[in-house]
Each structure stands twice: as C-alpha cells, then as structure tokens.
Amino acid sequence: MNAKIISSGILRALAIVVAILAGLYFLNAITTVLVYIVIAAIVSLIGRPIALFLKNKLRFNRTIAAISTMAILLGILSMLIALVVPLLVQQGENLSLLNIKGLKSSITDLYAEITAYFGLENNSLFAQFQDSSLITTLSLEQLPAFFNAVLGLLGNFGAGLFSVAFISFFFLKDSELFENGILMWVPSKENLKTKEAFAKIKSLLSRYFLGLLFQILILFVIYSIVLSVFSVPNAMVIAFLCALLNLIPYVGPIVGGMLMMFLTMSSQLGASFNEIILPKTTYVMIGFIIGQLVDNFLSQPLIFSKSVKSHPLEIFLIILCGGLLWGVTGMVVAIPLYTAIKVVLKVFFTENSQIKSWTKNL
1 MNAKIISSGI LRALAIVVAI LAGLYFLNAI TTVLVYIVIA AIVSLIGRPI ALFLKNKLRF
61 NRTIAAISTM AILLGILSML IALVVPLLVQ QGENLSLLNI KGLKSSITDL YAEITAYFGL
121 ENNSLFAQFQ DSSLITTLSL EQLPAFFNAV LGLLGNFGAG LFSVAFISFF FLKDSELFEN
181 GILMWVPSKE NLKTKEAFAK IKSLLSRYFL GLLFQILILF VIYSIVLSVF SVPNAMVIAF
241 LCALLNLIPY VGPIVGGMLM MFLTMSSQLG ASFNEIILPK TTYVMIGFII GQLVDNFLSQ
301 PLIFSKSVKS HPLEIFLIIL CGGLLWGVTG MVVAIPLYTA IKVVLKVFFT ENSQIKSWTK
361 NL
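Here our numbering is used: the first residue of the sequence shown is 1, the next is one more, and so on.
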C-alpha cells in the first residue's frame, strides 16, 4: 500500500513538472503574441477615455466608438512616422555620401580640442580612452548599413502594427473581453471583487499612460524649441527621441542628455570648438536641464499623485527593484505592475490593517 502511494505521488509530481515545463515552452513559443497582447492592452487603456467620451457624450455605439478611437490613435502614429522616417532615410543617404576618413579626422580633432580645453590630457580615464584607439578604429563605414538595417526593421513593422491594432480594437469594443477571460478561472463568490479590481486598475492605469503621453509631449515641445532656436539639424527628431527616452525612469534622461549633447556637437564638426561648438552645446544642455526640471517638479508629481497615487519614495524603490530584477524592462513596467498589485490587495484583503493603511490613498 505504501509503495503504491509513493509511486502514485512520484508519478503525480512528474506529471506536474512535465506540465510546468510544457507550459513554459508554450509561453516561450508564443512570446511575440503575448507582447502584442500587452501592447494592445496598453493602447486600449490609452484610448479608453476617448472611447468612453464617444460612447457617453456623443452616443456612439461600441463598434463605431472603437473604430473612431483606433482611427485617432493610428492617425497620431502616422504623423509620428511621417515625421521620423523621411529624416532617417535622409540621414542614411547623407551617411552613404560621407567622406569617412575626413569625418574620422574631424571627430579626432574635436576630441583633442575637448581634452585640451578642459585640461584632461593627463587624466588617467581619458588617457585610457585615447589609448584604446576607440576613435581611430571606429568603423563609420558600417553606419550606412546600420541605417539600412533599421529601415528593414521598419518594413517588418507593418505585421506587428496590424496585429496590435486588431487586438486593441476588440479590447476597446468589448472592454470586458480580457476581464471575462480571467473570471473563468476565479471562483464565483469572488467575481464581484474581481470586477471591482479590474475597474479600478483600468481607471488608474488609463490615467497613468495618458499622463506619460502628456509628459512626452511637454518635453518634446521644450526640446524642439531649444534645438530649433540654436539651429541644430533635425531638431524635432532629436527632441522626440530624447523625450521618448524619458519613459525609462532615471536612466532614460541621462541617456537622452548624452544623445542630445553628442548630436549637437557632431552637427558642428569642423567649426571652432571655443567659439561655436562649446557655447551652442552649453546653451542646448541648459535647455535640456530646464526641461528635466519641469518634468521632475511639475509633470511627474502630477502624474504619480493623480494616477497611481503613490509616494515618490515608494515609486523610486519600486523602480529600483524592477531594474534590479528585470533591467530596463523592469523599470518601465514596475509602476503599472505595482499599482495593479496594490489594487488587488486592497480589494481582496479589506480586513487586513497593514494593507488597509498601505492602500488607503487608492
């Protein structure tokens, strides 16, 4: 009898392990589909206020409201593509016509001027950088090929765009679609609480993602004005990229600042470092810092306080944990995931005093 129980337990454990491995393999196989679903969920949350306005205020039916919302979102995306792609093509053509040796020489001269101006010739870090021959061995001949590869990726963008748009449409049209799929696995007695949690999560995250869009828009306007005033080529594209990088908490603004500084300096290759490059780059970076001050002291506090309703220190620690666990992706998804978890705990553990105190602002 004991032998039968033991063998039965072993077989059951093996079956569970095999089922878990099979499930992980299946999830890995459909990773692309899962990514499409996640992106579509975010798009539907962004479009949710528009769809609700069309349904409640203009009396559109669900289908027409969803179609109209998707048309508006796709129109905005088309405007962004129309802005960025022609300039990428132009840059690719310009790079293919470059005098590579001359450009290398200009970059090397600029590097020498920077180190001489700031007295960094004897600095060990810069000495190692120079000894590494990074600048002299930089294979700029590969840049045109890189831009061609980017354009090739844009060619495959259509399939993903269609998939996301198709899924987003049904998420907007049948807003309970995803919710009903989850309810299938929830005990009947918990259905009301689950629906309450879903409604709260959708409301909070919808406001959060809309807030992020306004954050990007504000930075884009500030950066565009600064770069245009100082006649930096492709100002709007640079402004858009740097504003978009701001979505990556803490790391994004640093990368965006370095990108803006590099592109500003590289646009003036061959000019006098003391008279043109340094002053222009300094003014541009002052404008960048002003944009960051506006973002940190106005945009972000409003977004976090009005949407996810969490303390700034709480947000910082969650983003830090997300970055340590899953890198840049973890930093981006940390706040939405944390907000969803807080809502679920608030709804399902209403009697717990610690959770009640922790989630009292939701």
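All residues carry an ideal CB built from backbone N, CA and C; glycine is no exception.
Return the chain-ordered ranges of every beta strand (DSSP E) run that is complete within the segment 176–201 and spans a minimum of 3 residues.
Taking 3 residues as the shortest admissible run, the segment 176–201 contains no complete beta strand (DSSP E) segment at all.
Below 7 Å between beta carbons: does that hold for VAL232 and LEU245?
Judged by beta-carbon spacing, LEU245 lies beyond the 7 Å limit of VAL232, meaning their Cβ atoms are not closer than that value.
What residue does the alpha helix (DSSP H) around PHE300 start on, and which one ends it?
It is worth fixing the name first, because residue 300 is Gln in this sequence and not Phe. Start and end: 300–303.
Inter-stretch contact (C-beta, 8 Å, three-pair minimum) for the segment 276–285 and the segment 257–264
Result yes; three or more Cβ-Cβ pairs closer than 8 Å.
C-alpha distance - LYS189 paired with LEU263, whole-angstrom precision:
The straight-line gap from Cα to Cα measures roughly 59 Å.
Give every residue of the same chain whose Cβ lies closer than 6 Å to the Cβ of ILE39, excluding the five residues on either side of it in the sequence, and list them in chain order.
Once the five neighbours on either side are set aside, the close Cβ partners of ILE39 are VAL164.
Here's a check: name, in chain order, each residue in its chain whose Cβ is nearer than 6 Å to the Cβ of ILE201, leaving out the five neighbours to either side.
Contacts found: ALA340 and VAL343.
Express the C-alpha separation of ASN61 and SER44 in angstroms, rounding to a whole number.
Spanning the two alpha carbons is a distance of roughly 17 Å.
For ASP295, three-class secondary structure by DSSP
The answer is helix: DSSP assigns ASP295 an H, G or I state.
Three or more C-beta pairs under 8 Å: does that hold for the segment 300–312 against the segment 194–210?
Contact annotation: the segment 300–312 touches the segment 194–210, with at least three C-beta pairs closer than 8 Å.
Whole-angstrom distance between LEU247 and VAL332, CA atom to CA atom
Take the alpha-carbon of VAL332 and the one of LEU247: they are about 7 Å apart.
LEU227 versus ILE20, GLY291 and SER203, residue with shortest Cα-Cα distance
The shortest C-alpha separation from LEU227 is found at GLY291.
Using 7 Å as the threshold, is the C-beta distance between LEU205 and PRO336 below it?
Yes; because the gap between Cβ atoms is below 7 Å, this pair is in contact.
What three-state label does DSSP hand GLN354 in the structure shown?
Looking at GLN354 - three-state DSSP - the assignment turns out to be helix.
Can you give me the C-alpha to C-alpha distance between VAL348 and LYS193, rounded to a whole angstrom?
The residue asked about is misnamed: residue 348 is Phe in this sequence, not Val. Annotation: PHE348 to LYS193 spans about 7 Å, alpha carbon to alpha carbon.
Span separating the alpha-carbon of LEU213 from that of LEU21
Counting only the Cα atoms, LEU21 lies some 39 Å from LEU213.
Helix, strand or coil for ASN56? Go by DSSP, reduced to three states.
If DSSP states are grouped into helix, strand and coil, ASN56 belongs with the helices.
Cβ shell of TRP179 (< 6 Å), same chain only, five flanking positions each side left out:
The sequence given here has Glu at residue 179, not Trp. Hits under 6 Å: PHE198.
Quick one: using the 10 Å Cβ neighbour count with 16 as the cut-off for buried, is GLY160 buried or exposed?
For GLY160, the number of other beta carbons within 10 angstroms of its own is below 16, and it is reported as exposed.
Around the Cβ of LEU54, are there at least 16 other Cβ atoms within 10 angstroms (buried) or fewer (exposed)?
The residue is buried, with at least 16 neighbouring Cβ atoms inside 10 Å.
Closer than 6 Å: HIS311 CB and nearest the ligand ZN heavy atom
This structure lacks the ligand ZN, and indeed carries no ligand of any kind.
Looking only at C-alpha atoms, which of LEU24, THR281 and ASN274 sits nearest to PHE230?
Of the candidates LEU24, THR281 and ASN274, the one whose C-alpha sits nearest the C-alpha of PHE230 is THR281.
Would a C-beta distance cut-off of 7 Å place ILE355 and LEU362 closer than the cut-off?
The answer is no: Cβ separation not under 7 Å.
For MET265 versus ILE277, is the C-beta spacing smaller than 7 Å?
Yes; because the gap between Cβ atoms is below 7 Å, this pair is in contact.
Where ALA239 sits in the DSSP three-state scheme
Reduced to three states, the DSSP call for ALA239 is helix.
PHE171, buried or exposed, once every other Cβ within 10 Å from all chains shown has been counted against 16
Label assigned to PHE171: buried.
Apart from the five residues just before and just after LEU302, which ones in its own chain have a Cβ nearer than 8 Å to its Cβ?
Close CB contacts of LEU302 within its chain, under the 8 Å cut and outside five residues either way in sequence, are with GLY211 (chain order).
Beta-carbon spacing of ALA243, PHE220 below 7 Å
A Cβ-Cβ contact shorter than 7 Å links ALA243 with PHE220.
Our contact map puts LEU27 next to VAL237 with C-beta atoms below 8 Å; I'd like the distance itself, whole angstroms only.
With a contact defined as Cβ atoms closer than 8 Å, LEU27 and VAL237 miss out at about 37 Å.
Local Cβ density within 10 Å of ILE365, reported as buried at 16 or more and exposed below that
In the structure as shown, the chain starts at 1 and stops at 362, and residue 365 therefore has no counterpart that could be examined.
Straight-line gap, CYS321 to SER299 (C-alpha atoms, nearest Å)
Linking CYS321 to SER299 through their CA atoms gives a straight-line distance of about 23 Å.
Assigned secondary structure, GLN215 (DSSP; H/G/I helix, E/B strand, else coil):
In the structure shown, GLN215 falls within a helical segment according to DSSP collapsed to helix, strand and coil.
Nearest to VAL35 (by Cα), restricted to the options ILE167, ALA334, GLY323 and PHE297
It is ILE167.
Please identify the residue among SER78, ILE216, SER272 and PRO279 whose C-alpha is closest to the C-alpha of MET261.
Scanning SER78, ILE216, SER272 and PRO279 for the CA closest to the CA of MET261 turns up PRO279.
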